[in-house]
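Below, the structure is given as structure tokens:
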């Protein structure tokens, strides 16, 4: 009964969405306030209906209602509760329901917090958002209905893919979707602005928090996915340039570009039409990502749900929204005149350069991702594009970006002098060079990756510190320190996020340049040395788990005579899904991880054992967290609230708002 | 048919990597390093986007052993790769060759960068030249809104 109500709520939400995509748009055109006002309650209603529908599906998973097809296919009574809940979005139908839940959540939030938007713009934004919603309701109801019942329910389910039964991956999709779908609001704002025929500083200010939020969630989502791959897939890789990973990485890159170009719109009223285009493209890449993941056209490690019919439907959605938006763009972009004037050397120019690099990098990833498809369709060549290509084609962009970032960040608006900026950054540059040279001297005969990566990472972090310090004016150190602490949160957010990128770069280059790997067979009681660490295989036992059987080793890590850790690498077999997984034993450290994997028993009674020493591994995700934290700081800046709060009270905070 | 193939694929790829196994490792560390480097650039044909160095599918193991056999027999790195391409087609290469239509893939990055830089520089130059529009920016509606925000 509850399930049917959930299904019905979804159909009802579809109907509301159809109303919301038409009525406010007409209202905005004719200036009928009543018609425009439909949008706000409609957006709230849609969200409540979808939330109810999602709750009904979650309930079905929690109580293991095996009359539902997708519960049978993705759940089992023995599964731990956390994975019963995460099983809701661990499959195609449920994840699309999560997608629309987040879509309507963002729509409702735009309605709730959009009080300071001009009424016509707000009506149009909500109408466009609802049109996206309507397309996806149609997709769910017609091609992938999560509420499909089975005539004869089986006694038990088929279990969730064991690789997905993991805390890291349980929360990876919701964050990614918050990011993907968050970009839909930017798209709606862009299309509404095109219909409106008006883009100004205020528009930039409205769009930026949404972009920031979406980018932040994408950062967390990608970080979680990469962390999961690191500890779950069994050899400690953190990025595979898999089509599905690329699908989330492209919107991240474009989102980062949009974030920066929207600043130029907000502060300087320039780059307007480019920013609109980026907002359209960012969501376009989200849709392409959905297409890649959901259609399975480009096969990959993650495409666990694929069906050509669904792919065609998503391709149609992509075609309609991108085609429509780009046509509108072509017709209307001309009327957006830029106001700001700036010199060749200026913050504006630096941000243009940033956008060039990020956008081209995203396009390179895009071309690499779809090239196998293109080559097969048009040139009859069956080929692969894998990590070696992407590493080679993508890395230069990040190197250039890291080189110019601290300089661009410190340049003043309008007109700047390069010499002065470099002089301000002299301490950061000297420090970074010193670190690079030191690393080069310490490592002999290895790749340039280490020294270059350490130089760039240090340069980014110390450059961010100089950026903050340079804003503190003159005077005694104590007074300057006080002023640095009182800088607006947006400034802190910028510095923190840039430093986070530096931390991630340090982690990636450290790990890639200095990883040590050891493969061997070991008998119980054997001790062997890997890069100065003593590793001892103490025992191997068979242990039953809640819904799996485990072969668990007990291994100790030694440094000389001192025992550092006792680790339990495992091999698990999930009998219901008939799948094995590895659980690496990892001793996390600030400067290195010791990463142990237990393999198969050998004929002579010994065990295959892999040991990795992974320097700076945790810095990769630490950097992602710091980047997200920077985004959060920036998002909490009072400038975004000042216009909203002005009606209630004059701001009392003494911080100057630029 | 397709469904079964996908199922078979998903079972193969699901086997988590215990890639290179101890009995495969060559005694000569130089040859072994070369073998690892070559393996990283070769696709495990039955997996999705995994190199034979990472995969522990049966076929990947066979290919790893094959690479090592060729190296022990004295083949150069290129000869080993060519040998595999002859047998399995260019699908086996994770870094596609820069021949024919693939040139598009390889030059896309640099060319796009140059084009984008050109557009960017062009834009920056126009912004430098254009005149700052005189200050009559606000409409009556905006003036009213401004007053409201300023708390008047």
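Residue numbers (the working numbering), protein chains in the order written: chain A, 2 to 659; chain B, 5 to 156. Heads up, the beta-carbon is just placed ideally off N, CA and C, and yes, glycines get one too.
Find the nearest neighbour of residue 623(A) within the set 589(A), 639(A) and 607(A), judged by alpha-carbon distance. If you number the first chain from 1, residue 623(A) lands on position 622. Cα-wise, what sits closest to residue 623(A) is 589(A).
Residue 559(A) bridges to which residues according to DSSP? Sequence index remark: in the first chain, residue 559(A) carries index 558 (1-based). Residue pairing by DSSP places residue 559(A) opposite 535(A) and 564(A) in a beta bridge.
Please classify residue 1(A): does DSSP put it in a helix, a strand, or coil? Absent from the model: residue 1(A). The displayed extent of chain A is 2 to 659, so no value can be given.
Alpha carbon of residue 613(A) to alpha carbon of residue 143(A), nearest angstrom: Within the first chain, the letter at position 612 stands for residue 613(A). Within the first chain, the letter at position 142 stands for residue 143(A). Roughly 49 Å between the two C-alpha positions.
Just verifying my parser: in three-state terms, what is the DSSP assignment at residue 80(A)? The count along the first chain starts at 1 and reaches residue 80(A) at position 79. The answer is coil: DSSP assigns residue 80(A) none of H, G, I, E or B.
Just to make sure I have the definition right: I need the residues of chain A whose C-beta is within less than 8 Å of the C-beta of residue 55(B). Which are they? Mapped onto the second chain, residue 55(B) falls at position 51. Going along chain A in sequence order, the residues near residue 55(B) (Cβ under 8 Å) are 387 and 388.
In this structure, does DSSP put residue 49(B) in helix, strand or coil? Numbered from its first residue, the second chain carries residue 49(B) at position 45. In this structure, residue 49(B) counts as coil in the three-state DSSP scheme.
Which residue wins for smallest C-alpha separation from residue 96(A), given the options 177(A), 39(A), 263(A) and 118(A)? On the first chain, position 95 is the one that residue 96(A) refers to. Considering only alpha carbons, the answer is 177(A).
Neighbour flag for residue 383(A) against chain B, beta carbons, 8 Å: Counting from 1 along the first chain, the entry for residue 383(A) is found at position 382. Chain B, which has a Cβ nearer than 8 Å to the Cβ of residue 383(A), makes this yes.
Compare the C-beta of residue 544(A) against all C-beta atoms of chain B and say whether one is closer than 8 Å. Start at 1 with the first residue of the first chain, and residue 544(A) comes out as number 543. Using a CB distance cut-off of 8 Å, residue 544(A) does not count as an interface residue toward chain B.
Which residues in chain B have a C-beta closer than 7 Å to the C-beta of residue 350(A)? List them in chain order. Within the first chain, numbered from 1, the residue matching residue 350(A) stands at position 349. Chain B residues near residue 350(A): 128.
Mapping DSSP to helix, strand and coil, what is residue 159(A)? Residue 159(A) sits at position 158 when you count from the first residue of the first chain. In the structure shown, residue 159(A) sits in coil (DSSP, three-state: anything other than H, G, I, E or B).
What is the residue span of the alpha helix (DSSP H) that residue 127(A) lies within? Position 126 of the first chain, counted from the first residue, corresponds to residue 127(A). Run containing residue 127(A): 120 to 144, per the alpha helix (DSSP H) assignment.
Backbone CA spacing between residue 597(A) and residue 204(A) [nearest angstrom]: Residue 597(A) sits at position 596 when you count from the first residue of the first chain. Residue 204(A) sits at position 203 when you count from the first residue of the first chain. The alpha-carbon separation between residue 597(A) and residue 204(A) amounts to approximately 52 Å.
4 or more residues per run - each alpha helix (DSSP H) lying fully within the segment 406 to 484 of chain A: Counting whole runs of 4 or more residues, the segment 406 to 484 of chain A contains the alpha helix (DSSP H) stretches 419 to 425, 427 to 443 and 450 to 471.
Short of 8 Å in beta carbon distance, which residues of its chain neighbour residue 481(A), apart from the five on each side in sequence? Order them along the chain. Position 480 of the first chain, counting from 1, holds the residue named residue 481(A). When the five nearest sequence neighbours on each side are left out, the beta carbons in the same chain lying within less than 8 Å of the beta carbon of residue 481(A) are those of 470, 473, 474 and 475, in order along the chain.
If we define contact as Cβ-Cβ less than 8 Å, is residue 137(A) a contact residue for chain B? Locating residue 137(A) in the first chain gives position 136, where the first residue counts as 1. It does not: the Cβ of residue 137(A) has no partner Cβ on chain B nearer than 8 Å.
Evaluate residue 400(A) with the Cβ neighbour count: other Cβ atoms within 10 Å of its Cβ, from every protein chain shown; 16 or more gives buried, anything less gives exposed. Your numbering for residue 400(A) matches position 399 in the first chain. So residue 400(A) counts as exposed.
Helix, strand or coil for residue 597(A) per DSSP? For the purposes of this step, residue 597(A) is taken as the residue at position 596 of the first chain. DSSP places residue 597(A) within a strand segment (E or B) once states are collapsed to three.
Would you decide whether residue 448(A) is buried or exposed? Buried here means 16 or more other CB atoms lie within 10 Å of its CB. Sequence index remark: in the first chain, residue 448(A) carries index 447 (1-based). Under this definition residue 448(A) is an exposed residue.
Buried or exposed by the 16-neighbour rule on C-beta atoms within 10 Å, applied to residue 335(A): On the first chain, residue 335(A) is found 334 positions in, with the first residue counted as 1. Answer is exposed; the Cβ neighbour count stays below 16.
Assigned exposure category for residue 602(A) - 16 Cβ within 10 Å defines buried: For the purposes of this step, residue 602(A) is taken as the residue at position 601 of the first chain. Counting Cβ neighbours within 10 Å, residue 602(A) comes out exposed, since fewer than 16 surround it.
From residue 523(A) to residue 587(A), what does the alpha carbon distance come to, in whole angstroms? For the purposes of this step, residue 523(A) is identified with residue 522 of the first chain, where counting begins at 1. For the purposes of this step, residue 587(A) is identified with residue 586 of the first chain, where counting begins at 1. Their Cα atoms are separated by approximately 18 Å.
What residue range is occupied by the uninterrupted beta strand (DSSP E) comprising residue 523(A)? Within the first chain, residue 523(A) is the residue found at index 522, counting from 1. Here the beta strand (DSSP E) through residue 523(A) covers 517 to 523.
Distance, Cα to Cα, residue 66(A) vs residue 79(A)? The sequence position of residue 66(A) within the first chain is 65, counting from 1. The sequence position of residue 79(A) within the first chain is 78, counting from 1. Each residue's CA atom was taken as its position, placing residue 66(A) and residue 79(A) some 13 Å apart.
When you compare only the Cα positions, how much space is there between residue 147(A) and residue 123(A)? By 1-based counting over the first chain, the position of residue 147(A) is 146. By 1-based counting over the first chain, the position of residue 123(A) is 122. Cα-Cα distance, rounded: 32 Å.
Exposed unless 16 or more other CB atoms sit within 10 angstroms - verdict on residue 379(A): As a first step, residue 379(A) is located in the first chain; it is residue number 378 there, counting from the start. Around the beta carbon of residue 379(A), fewer than 16 other beta carbons lie within 10 angstroms, which makes this residue exposed.
Short of 6 Å in beta carbon distance, which residues of its chain neighbour residue 37(A), apart from the five on each side in sequence? Order them along the chain. Taking the first chain and counting its residues from 1, the one referred to as residue 37(A) is at position 36. Residues of the same chain with a CB within less than 6 Å of the CB of residue 37(A), apart from the 5 flanking positions on each side, are 25, 28, 29, 120 and 124 in chain order.
For residue 88(B), which residues from the same chain have a beta carbon less than 6 Å from its beta carbon, with the 5 sequence-adjacent residues on both sides left out? The residue you call residue 88(B) lines up with position 84 of the second chain. The residues are 96.
Contact with chain A by residue 150(B), beta-carbon distance below 8 Å: Working through the second chain from its first residue, we reach residue 150(B) at position 146. No, no contact with chain A.
Residue(s) in a DSSP beta bridge with residue 574(A): Reading the first chain from its first residue, position 573 is the one you call residue 574(A). According to DSSP, residue 574(A) bridges with 550(A) and 581(A).
Around the Cβ of residue 251(A), are there at least 16 other Cβ atoms within 10 angstroms (buried) or fewer (exposed)? Taking the first chain and counting its residues from 1, one reaches residue 251(A) at position 250. Counting the other Cβ atoms within 10 Å of the Cβ of residue 251(A) gives 16 or more, which makes it buried.
What is the DSSP secondary structure of residue 602(A), counted as helix, strand or coil? Within the first chain, numbered from 1, the residue matching residue 602(A) stands at position 601. Here residue 602(A) sits in strand by DSSP.
Let me know the secondary structure DSSP gives residue 611(A) once reduced to three states. Within the first chain, numbered from 1, the residue matching residue 611(A) stands at position 610. DSSP places residue 611(A) within a strand segment (E or B) once states are collapsed to three.
I'd like to know whether the C-beta atoms of residue 45(B) and residue 101(B) end up nearer to each other than 8 Å. Reading the second chain from its first residue, position 41 is the one you call residue 45(B). Reading the second chain from its first residue, position 97 is the one you call residue 101(B). No. Outside cutoff.
Given a limit of 9 Å on CB to CB distance, which residues of the segment 368 to 382 of chain A reach chain B? So the close ones are 368, 369, 372, 373, 375, 376, 379, 380 and 382.
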